[in-house]
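**Student:** Counting from 0, one number per residue, gives the positions in the sequence shown under numbering that gives the first Met the number 0.
Okay, here's the structure, questions in a sec.
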Amino acid sequence: MGAFTPFRPFSGLGGLFPPRKNPFRRICMKAIIIGAIASVLSLAALFPLFVSSYVIAFLFNLLLNLSLMIGMNLLWGFAGYLPLGYTAFFGLGGYVTARLVLQGWPIWLSLPLSLIFVLPIGAFFGWVLFRLRGLYFSAASLGLLILLEETAGKWTFLSGGHEGLALPSSPKGPSAYWLILALTAFSLAAHYVLDRCKGGYQLRLIREDEALAESVGVPTFGVKMKAFLLGAVIALLAGGIHVWQAGYISPASAFGLSVAVPPVIMVLIGGGRKGWGLLTAALFVSLLQEALWTAGGKWVLSGYGLILIGVGMFWKRKRK
């Protein structure tokens, strides 16, 4: 009898599951990467001490965009699911945080409490949405965003209606910047770990062939839900930090197209698993937003529309 060969369901997927490298080299590379990231974050944390408030405002928006892009990319870049309504969690996190702050809760308690309140709702949304795939999933998630915007506009007793909610003004200093910097660091770490763990491999297999993934024993629903909820956590916290920094929230600023479109542009431009692509896309969109706002803000949605058309034409020509 021949030697027993164990069953390895992923053995033929070399592109998805690369061979193991030298462990010592891998450890050294991880140490270098972690050290470099820690140095950059430490330097970034000191920026408020020696740069202008205008630069800090731009960096805040850049980090906010980067965090939202990473959160959306956990599904799109890994599993191939594009949640067009991803910023629904941004708006929900913003509204819950605003309500808690108005009740006198400090921001450092309001943010984790918003997770406790909203994540069960997010789990229900995921349970519903993941009954669908492909374009149907994307369309349903966008429908959810539209529904939430309409609901927020009518439930004045909770959301303040279309007039929105104004938070009490208080000196925040660089606190909002440090919070969004910490969230960005968490988002990058989550993306890095997912890229190298079993769950990331399973998500990539789902992206390539979900039926094959199910046939070899991958719990596709559970894996997608975990990535979905991790992205929801990032968006919830980003929404809470943004509202606390801006001091105001309305249905349009929480769920409108001006909030929903930028992450879609970023993941289409720089999505995937490459860190530089993510950073470049976030920087491009942040500079575009700054230019459009400086020009008066009347052409923001028009600019987004032109970029989406350009991205669509680029991908069409690339696939030929």
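Note that the Cβ used here is the ideal one computed from N, Cα and C, for glycine as well.
Quantities reported herein were computed from a predicted structural model and do not represent experimental measurements.
#1: Have a look at the DSSP bridge pairing and note the partners of residue 48.
#2: Just how far apart, CA to CA, sit residue 221 and residue 193?
#3: Can you list, in chain order, the residues of its chain whose CB lies under 6 Å from that of residue 244, leaving out five sequence neighbours each side?
#4: Note the first and the last residue of the continuous alpha helix (DSSP H) segment covering residue 208.
#5: Provide the residue(s) that pair with residue 323 in DSSP beta bridges, ordered along the chain.
#6: Only counting the same chain, and skipping five residues up and downstream in sequence, which positions put a Cβ closer than 6 Å to that of residue 3?
#7: Taking all protein chains shown into account, decide if residue 10 is buried (16 or more other Cβ within 10 angstroms of its Cβ) or exposed.
#8: Got a sec? Which residues, its chain only, sit under 6 Å from residue 100 by beta carbon, not counting five neighbours each side?
#9: Measure the C-alpha to C-alpha separation of residue 306 and residue 48 and round it to an integer number of angstroms.
#10: Measuring CB to CB, does residue 71 end up less than 9 Å from residue 262?
#11: Taking all protein chains shown into account, do 16 or more other C-beta atoms lie within 10 angstroms of the C-beta of residue 127, making it buried, or fewer, making it exposed?
#12: Can you give the Cα-Cα distance for residue 8 and residue 283, rounded to whole angstroms?
#13: Do residue 65 and residue 89 have their C-beta atoms within less than 9 Å of each other?
**Tutor:** On the basis of the supplied data:
#1: Here residue 48 is taken as the residue at index 49 of the sequence shown, counted from 1. BP columns for residue 48 are empty, so no partner.
#2: Walking along the sequence shown from the start, residue 221 turns up at place 222. Walking along the sequence shown from the start, residue 193 turns up at place 194. Computed Cα separation, rounded: 15 Å.
#3: Residue mapping note: residue 244 aligns to position 245 of the sequence shown, counting from 1. Taken in chain order, the residues that qualify are 175.
#4: Translated into the one-based positions of the sequence shown, residue 208 becomes position 209. Careful: residue 208 lies outside any alpha helix (DSSP H) and carries neither H nor E.
#5: What is shown of the chain runs 0 to 319, which leaves residue 323 out entirely.
#6: On the sequence shown, position 4 is the one that residue 3 refers to. At residue 3, the pLDDT of 43 sits below 50, so the modelled position is not reliable and the matter cannot be decided from this model.
#7: For the purposes of this step, residue 10 is taken as the residue at position 11 of the sequence shown. Legend: pLDDT at residue 10 = 46, less than 50; position of this residue unreliable, value from coordinates given subsequently. Label assigned to residue 10: exposed.
#8: One-based indexing of the sequence shown puts residue 100 at position 101. Around residue 100: 109 and 166.
#9: Reading the sequence shown from its first residue, position 307 is the one you call residue 306. Reading the sequence shown from its first residue, position 49 is the one you call residue 48. Residue 306 and residue 48: Cα-Cα distance of roughly 35 Å.
#10: The residue you call residue 71 lines up with position 72 of the sequence shown. The residue you call residue 262 lines up with position 263 of the sequence shown. Contact flag set, yes.
#11: Working through the sequence shown from its first residue, we reach residue 127 at position 128. Classification for residue 127: exposed.
#12: The residue you call residue 8 lines up with position 9 of the sequence shown. The residue you call residue 283 lines up with position 284 of the sequence shown. For residue 8, the predicted model reports a pLDDT of 46, less than 50, meaning its position is unreliable; a value from the coordinates is still stated below. For residue 8 and residue 283, the distance between alpha carbons rounds to 41 Å.
#13: Working through the sequence shown from its first residue, we reach residue 65 at position 66. Working through the sequence shown from its first residue, we reach residue 89 at position 90. Going by C-beta atoms, residue 65 is not nearer than 9 Å to residue 89.
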